[in-house]
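Here is the structure we will look at, set down as structure tokens.
Number of protein chains: 2
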Amino acid sequence: MFDPKTLRYDANGLIPAIAQEAATGEVLMMAWMNAASIEKTLASGRVTYWSRSRQEFWEKGATSGNQQVLVEMRLDCDRDCLLLQVEQSGPACHTGRRNCFYTAVRQGDEVEIAKPMT
Amino acid sequence: MFDPKTLRYDANGLIPAIAQEAATGEVLMMAWMNAASIEKTLASGRVTYWSRSRQEFWEKGATSGNQQVLVEMRLDCDRDCLLLQVEQSGPACHTGRRNCFYTAVRQGDEVEIAKPMT
Numbered sequence: 042m043f044d045p046k047t048l049r050y051d052a053n054g055l056i057p058a059i060a061q062e063a064a065t066g067e068v069l070m071m072a073w074m075n076a077a078s079i080e081k082t083l084a085s086g087r088v089t090y091w092s093r094s095r096q097e098f099w100e101k102g103a104t105s106g107n108q109q110v111l112v113e114m115r116l117d118c119d120r121d122c123l124l125l126q127v128e129q130s131g132p133a134c135h136t137g138r139r140n141c142f143y144t145a146v147r148q149g150d151e152v153e154i155a156k157p158m159t
Numbered sequence: 042m043f044d045p046k047t048l049r050y051d052a053n054g055l056i057p058a059i060a061q062e063a064a065t066g067e068v069l070m071m072a073w074m075n076a077a078s079i080e081k082t083l084a085s086g087r088v089t090y091w092s093r094s095r096q097e098f099w100e101k102g103a104t105s106g107n108q109q110v111l112v113e114m115r116l117d118c119d120r121d122c123l124l125l126q127v128e129q130s131g132p133a134c135h136t137g138r139r140n141c142f143y144t145a146v147r148q149g150d151e152v153e154i155a156k157p158m159t
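Protein sequence lines, in the order shown, are assigned to chains P and Y.
Per my numbering: the first sequence = residues 42 to 159.
Per my numbering: the second sequence = residues 42 to 159.
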């Protein structure tokens with residue numbers, strides 16, 4: 042039986058969660074969860090983070106419509122990081138891009154490698 | 042010009058870094074970097090984390106031989122998370138598995154979904 046309380050959280054009770062598009066392997070974003078948001082995510086099947094800035098649950102896409110449906114939750118060997126296999130609707134990034142990692146370091150410079158979805 | 046000092050670090054001066062196999066999209070592991078380890082990684086082309094437990098640089102594979110060669114470093118929109126495209130030799134996980142996320146939550150139970158490489 043999986044118990045979210047058995048994970049290793051930081052001093053603020055948070056654990057980093059990586060969202061990866063299940064079908065393609067694209068890494069979409071990284072955000073934070075607490076034990077309660079993990080329980081919500083597993084119960085609802087919709088990925089629910091903990092917003093550090095707003096100090097509240099953040100059900101991804103609840104306002105934007107760009108939901109993340111949970112396909113599978115995985116833990117790492119140290120139980121201090123989560124990998125979420127998801128199905129992302131539309132952009133995962135608040136900038137409108139498909140994923141948040143659209144800035145690459147190439148030859149010492151920052152290069153924008155993806156544009157917002159239209 | 043990319044300057045590691047412009048990233049957003051936590052209270053300990055650290056930033057999470059996700060390592061992804063460049064050729065396949067497999068998420069291998071997540072560990073932490075500081076500004077100096079980012080500089081070392083970019084200069085050497087070999088991924089160098091900061092070990093929180095040992096409080097020292099941790100050049101991945103320096104002792105095990107299971108190196109991570111950097112293909113490309115990417116930043117997220119908030120500049121507080123890195124995605125490293127790498128070429129991993131052998132297992133990335135200290136358990137001998139290819140990646141650290143070998144435990145899945147399925148029907149409420151923890152299931153081992155990968156075995157150590159032989």
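A virtual CB, placed ideally from N, CA and C, is assigned to each residue, including glycine.
By the rule that beta-carbons nearer than 8 Å mark a contact, Arg115/Y touches chain P. Around the beta-carbon of Pro45/P, 16 or more other beta-carbon atoms lie within 10 Å, marking it buried. Residue environment analysis places Lys101/P among the buried positions, since at least 16 neighbouring C-beta atoms fall within 10 angstroms of its C-beta. Nearest C-alpha to Leu111/P among Ile154/P, Thr159/P, Gln129/P and Asn75/P: Gln129/P. Contact check for Phe98/Y and Thr89/Y: beta-carbon distance about 6 Å, within the 8 Å limit, so the pair qualifies. The DSSP assignment places complete beta strand (DSSP E) segments of no fewer than 3 residues inside the segment 57–143 of chain Y at 68–74, 89–92, 97–100, 109–116 and 123–129, in order along the chain. The beta carbon of Glu80/P sits closer than 8 Å to the beta carbons of Pro45 from its chain, once the five residues preceding and following it are set aside; these are given in chain order.
Of all residues in the segment 63–75 of chain Y, the ones placed with a Cβ closer than 8 Å to any Cβ belonging to chain P are Thr65, Gly66, Glu67, Val68, Met70 and Met71, in chain order.
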